[in-house]
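Quick notes on the structure that follows.
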Amino acid sequence: MAYDGGSSKPPPPPRYVMLTEEYGADSLVPPPRNGRRRTSDGNPDDGGGFCSCSCCCACICWCCCFLFLLVFAAAASAAYFAYLYKPRAPSYSVSGISVSRFDVSAFDLTVYARLVATVRAENPNAMIGIGYGEGSRTAVSYRGTTLCSGTLPVFYQGYRNTTVMEIAMEGRHGFGSGLQSALEEGEKAGHVPLDVYVSVPVTLRLGTFDLRQVTVNVHCALVVDSLSPKKKPAIKSAHYWPYVEF
C-alpha cells in the first residue's frame, strides 16, 4: 500500500446532485424559471415599460382635456361678450376739406400747405365707449408726397355718439416739378387725388373697465376738384380702408 505523504487531493465533486429539502439554505438550487430578463442592452428588464407608457398616455390625455376646456371657456366668454354688449365697429369719414394756404415754390421746389379736414367719427355701440389717446397722427399726401400733417384731439366718445372734429394740418415739404405739372393738370380737370392717413391709439371701455389699448389706422383715398385757397374744395369720391394694430 503506497503512502502519499499527505499530498492527496480532495475527491472531486459528484457529477450529479440530488436536490431535496434536507440540503437547507446551503443547497444548490437552480434559478427559477421566471427570473429577471435582460434587455438588448444588457440591463435587467424590471417590467416597468408598460407602466411608463400608461403614465405618458394619461399625461397626454389630461393635457388635451385641459386645452379643450381652455378653448371652450374662451369661446364661451367671447359668445357671452358678443351677446351682452353686441359690439359694432365705429365708422370714420372725411366730410369736408378747407384750404387756407397752398403755395408752391419753384425756387426751392417745395410746397407749403395749410388745411383743415372735417372728420366725422361715429360710435354705434350702446354699451361700449371709445377713448382716443395721445400719440395720434394725421397726414395728407399727393401722389406719395406728404403735403401737411397734424394730430387728433384726446377725448372720450360715449355710447351711440357722433363726434365731428376739425383737424388742422400744416407743413412744408419737397415738391418736384413733375408733381407741380401733374397738380396743375388736375386742377384744370377738376380731379385732384389725395390720400388722408389717420393713426390713433384707441381704448375700448366696458362700463368702468378699460380693455387693452390698440392702434386704429384709417386710409382714406379722396378725390377733390381743387386745392386752391380761393374756393372750398368739393369731395368727388372717398374710399376708406381701416385696420387695427394689436
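Position in the sequence shown counted from 1, then plus 1061, gives you the working numbering.
The beta carbon of each residue, even a glycine, is placed where N, CA and C say it ideally should be.
query: Beta-carbon contacts of Pro1294 that lie in its chain and below 7 Å, excluding the five residues immediately before and after; result: Ile1158, Val1160, Val1285, Asp1286, Ser1287 and Leu1288
query: Cβ-Cβ distance between Tyr1220 and Asn1184 below 8 Å; result: yes
query: Integer-rounded CB distance, given that Val1257 should sit under 8 Å from Val1155; result: 6 Å
query: Cβ-based burial, Phe1127 [other Cβ within 10 Å; buried from 16]; result: exposed
query: Inter-stretch contact at 8 Å, needing at least 3 Cβ pairs: the region 1166-1180 / the region 1234-1241; result: yes
query: Short Cβ contact (8 Å threshold) for Val1177 with Glu1227; result: yes
query: At least three beta-carbon pairs within less than 8 Å, the region 1194-1208 to the region 1140-1154; result: no
query: Assigned exposure category for Tyr1193 - 16 Cβ within 10 Å defines buried; result: buried
query: Contact belief for Gln1308 with Pro1262 at Cβ below 8 Å, rounded distance in angstroms; result: What is shown of the chain runs 1062 to 1307, which leaves residue 1308 out entirely.
query: Residues sharing a beta bridge with Met1043, DSSP; result: A query on residue 1043 cannot be resolved here, the shown segment of the chain reaching from 1062 to 1307 and no further.
query: Three-state class that DSSP yields for Pro1303 in the structure shown; result: strand
query: Under the three-state DSSP convention, the category Leu1255 falls into; result: strand
query: Cut-off 6 Å between Cβ atoms - residues of its own chain near Arg1181, not counting five sequence neighbours on either side; result: Ser1154, Ser1156 and Val1225
query: Among Phe1163, Val1259 and Lys1147, the one whose alpha carbon lies nearest that of Arg1198; result: Val1259
query: Whole-angstrom distance between Leu1283 and Ala1299, CA atom to CA atom; result: 5 Å
query: Test item: CB-CB of Cys1281 and Tyr1304 under 8 Å; result: no
query: Segment limits, alpha helix (DSSP H) that includes Ser1242; result: Ser1238 to Ala1250
query: Ile1189 and Leu1267 closer than 8 Å at C-beta; result: yes
query: Alpha-carbon to alpha-carbon, Ser1138 and Leu1130; result: 12 Å
query: Option nearest Val1165 by Cα separation, candidates Gly1196, Leu1244 and Cys1125; result: Leu1244
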